Amino acid sequence: MKTLSIITVAYNEAKNITRLKRSIDAQRLPKGWRIETVLVDNGSHDDTALIAGRLGYIRVVSQMKGTIAACRNRGFDEASGDLIAYVDADCELGVDWMEPVVEVLEDKSLGIVGWPVVPPTPMTWVQRAWHAHWTNKRGHITSALSGERSMTLITTANMTMTRAAMEQVGGFDASLRSGEDMNFLLRAFHLHIPLMAQPSLHVVHHGEPRSLRAFYHQQRWHCSRNSFLKMIRSGSLLRGANALWFTLFFTMSLTGALLSLLLLCIGMSGWAALGVLPFLLIIWAPAWVIACRAKRMGFFVSLPVLYFVYGWVRMVELFGFHYSKNSWR
Numbered sequence: 620m621k622t623l624s625i626i627t628v629a630y631n632e633a634k635n636i637t638r639l640k641r642s643i644d645a646q647r648l649p650k651g652w653r654i655e656t657v658l659v660d661n662g663s664h665d666d667t668a669l670i671a672g673r674l675g676y677i678r679v680v681s682q683m684k685g686t687i688a689a690c691r692n693r694g695f696d697e698a699s700g701d702l703i704a705y706v707d708a709d710c711e712l713g714v715d716w717m718e719p720v721v722e723v724l725e726d727k728s729l730g731i732v733g734w735p736v737v738p739p740t741p742m743t744w745v746q747r748a749w750h751a752h753w754t755n756k757r758g759h760i761t762s763a764l765s766g767e768r769s770m771t772l773i774t775t776a777n778m779t780m781t782r783a784a785m786e787q788v789g790g791f792d793a794s795l796r797s798g799e800d801m802n803f804l805l806r807a808f809h810l811h812i813p814l815m816a817q818p819s820l821h822v823v824h825h826g827e828p829r830s831l832r833a834f835y836h837q838q839r840w841h842c843s844r845n846s847f848l849k850m851i852r853s854g855s856l857l858r859g860a861n862a863l864w865f866t867l868f869f870t871m872s873l874t875g876a877l878l879s880l881l882l883l884c885i886g887m888s889g890w891a892a893l894g895v896l897p898f899l900l901i902i903w904a905p906a907w908v909i910a911c912r913a914k915r916m917g918f919f920v921s922l923p924v925l926y927f928v929y930g931w932v933r934m935v936e937l938f939g940f941h942y943s944k945n946s947w948r
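Straight run, no breaks: the sequence shown in the working numbering ends on number 948.
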């Protein structure tokens, strides 16, 4: 009998873990497989750990201090599975989620698979636009995607790997307060561990931000200056560095736009207004691409707003102005 260990790191998730556990219990188990559930409680102030025990989590452990990356590593230390899955506490697995996971990884010694999570319905305009960004940034994908192109489609909200892959990468970087998933995937890629994005791994994320304010706070949590700096020091600027490059171009183009407006205000030539164009291009060009791929022109209006927030937050983080990293919720 082989085991899939599902590891969840939780902080004040008492209201969510019942839904997650029920979706785990409802999985259609492939022949010869069982599920082991591991919950790492990261110092919750509610009844997360107590409820998890009542729900039948096989292992419930407490990690009072340390980053979320350290908690993920603690979960792995507690797990015994042949396959290791990471799923967020506010997620809900599709009933067929486990079958493609096993199908893809069962015969592989090394491998990592995942797919972007889906907001619950009905979606707000923020959720709809950001989900379109995630599912169309690599083109319209209907079948599995492998290699470098899959890297930006895998996150720890819905990620599964072989035990050997986790061991070979050496776990998550516990020094990172966020951004640990991309750091992990970059190290896996450089070790030539196969990465796969699989559209059939359906997971609903009930914690997706519904408002622009919530989106701002989520992005503050997700971005990591240390992760950016480690990426630069390692020379990983050609692969998996989309967020870093966007941030740099956003910063330069915004600076140019502000200088252009200043020149206009003091009566310089009207040609100075052309300095705003690179900034407009940075936030509207990708929105146009996504809108065309999704065949929904409304995203040409909504996505630039989200791209501005995305770039602004990372620009501020990159220059060291964000230090507080409490949970964005």
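In this text, a Cβ means the ideal position worked out from N, Cα and C, and glycines have one as well.
Since the model is a prediction, treat every value here as computed from it, not as a measurement.
Secondary structure of residue i, DSSP reduced to three states
| i | result |
| --- | --- |
| residue 820 | coil |
| residue 625 | strand |
| residue 710 | strand |
| residue 833 | helix |
| residue 704 | strand |
| residue 647 | coil |
| residue 773 | coil |
| residue 733 | strand |
| residue 948 | The predicted position of residue 948 is uncertain, since its pLDDT is 49 and thus under 50; no value can be drawn from it. |
| residue 800 | helix |
| residue 931 | helix |
| residue 810 | coil |
| residue 633 | coil |
For residue i, the first and last residue of its enclosing alpha helix (DSSP H)
| i | result |
| --- | --- |
| residue 911 | 896 to 913 |
| residue 692 | 687 to 697 |
| residue 879 | 861 to 884 |
| residue 678 | Run containing residue 678: none in the alpha helix (DSSP H); it sits in the beta strand (DSSP E), 678 to 681. |
| residue 674 | 667 to 674 |
| residue 748 | 744 to 755 |
| residue 718 | 717 to 724 |
| residue 782 | 782 to 788 |
Cβ pair residue i, residue j closer than 9 Å
| i | j | result |
| --- | --- | --- |
| residue 741 | residue 750 | no |
| residue 656 | residue 624 | yes |
| residue 909 | residue 865 | no |
| residue 723 | residue 704 | no |
| residue 718 | residue 822 | no |
| residue 781 | residue 694 | no |
| residue 936 | residue 794 | no |
| residue 768 | residue 807 | no |
| residue 708 | residue 639 | yes |
Nonlocal neighbours in the same chain, by C-beta distance under 8 Å from residue i, ignoring five residues either side
| i | result |
| --- | --- |
| residue 804 | 731, 770, 773, 814 and 859 |
Assumed close pair residue i, residue j - CB separation to whole angstroms, cut-off 8 Å
| i | j | result |
| --- | --- | --- |
| residue 682 | residue 660 | 7 Å |
| residue 763 | residue 729 | Not really, about 16 Å apart at Cβ, beyond 8 Å. |
Extent of the continuous beta strand (DSSP E) run through residue i
| i | result |
| --- | --- |
| residue 653 | 652 to 660 |
Chain-order list of residues whose beta-carbon lies under 7 Å from that of residue i (same chain, five-residue window excluded)
| i | result |
| --- | --- |
| residue 947 | In this predicted model, residue 947 has a pLDDT of only 42, less than 50, meaning its place in the structure is not dependable enough to derive any value. |
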